[in-house]
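Written out below as structure tokens is the structure these notes cover.
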Amino acid sequence: MNSFLVALATFFATVGVADIAFIFAALTKDVSHGRRFAFATRGALVAGGILLVFGVIGDGILKVFGITLPALRTAGGVLLLLIAIDMVFARHSGATGTTDDEEAESRQRDDLSIFPLAMPLLAGPGAISAVILLTTGAESDLDRWLVLLALVLIMVLAWITMLLAIPIQRLLGLTGLAVVSRIVGILLAALAVQFLFDGIAASGLLGAPPG
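Residue numbers (full-length UniProt numbering): 1 to 211.
Printed below as a string of structure tokens:
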């Protein structure tokens, strides 16, 4: 259950559930309800599929590139910490959102479901790193399945959030979004530091003899 809760909090932050309502509302403000539903559904399915693939083949990816689990935990901890800092200070993060150039290009597209919705908004670098980190670091098959279950639930939540984007935008406003982002950012920062501690401890560097 601890693995499930950690994964739930991590995916909530890295997928950007708190931000997606405002971004999706802005991207689809001139789109009909039917097309908005299609974009949200297709985007969530594609992003979920991408993240599930990385969750299943994460071990193989590490072996191909010769990356150890302690290295992944340390690198993932650094990346998640950077995302958390941006969330605490309510700043835009390229790891969980789009860049200015990507947003400008998206306005010229008729179908937003794949780009920028599925990638990089939902299945961005932060979310991909998190799913590989959490699945490869799972201590048992049950823990790994709990991580994947948490991912599926977060994608369903993101889909619902997109469908209710306009009411959520009106209800929360920018101030409400900033409050949610800061609270989640604090929790993610603590998780990121724990990943850093675990990665460094498992690497054996602290126990290595000096020079």
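We treat Cβ as the ideally placed atom computed from N, Cα and C, and that holds for glycine.
What you are looking at is a predicted structure, and each value in this text was computed from that prediction instead of being measured.
Helix, strand or coil at V31 [DSSP, three-state]: Three-state DSSP puts V31 in coil, outside helix and strand.
Integer-rounded CB distance, given that A127 should sit under 8 Å from V15: For a cut-off of 8 Å, the C-beta gap from V15 to A127 is around 5 Å, short enough to register as a contact.
DSSP state of A90 mapped onto helix, strand, coil: Per DSSP, reduced to three states, the secondary structure at A90 is coil, with no helix or strand assignment.
Contact check, L52 vs L164, beta carbons under 8 Å: Going by C-beta atoms, L52 is not nearer than 8 Å to L164.
Supposed contact pair L112 and T41 - C-beta distance, whole angstroms, cut 8 Å: In this structure T41 does not touch L112 by the C-beta definition: roughly 12 Å separates them, more than the 8 Å allowed.
Burial state of F11 (16 or more Cβ within 10 Å): Buried is the call here.
Euclidean distance between Cα positions of A21 and L142: If you draw a straight line from the Cα of A21 to the Cα of L142, it comes to about 32 Å.
Beta-carbon proximity of residue 217 to L196, cut-off 8 Å: Here the chain has residues from 1 to 211 only, and residue 217 is not among them.
S140, buried or exposed, once every other Cβ within 10 Å from all chains shown has been counted against 16: It is exposed - the Cβ of S140 has fewer than 16 other Cβ atoms within 10 Å.
Chain-order list of residues whose beta-carbon lies under 7 Å from that of A201 (same chain, five-residue window excluded): Correct list: empty, nothing qualifies.
For T68, three-class secondary structure by DSSP: Three-state DSSP puts T68 in coil, outside helix and strand.
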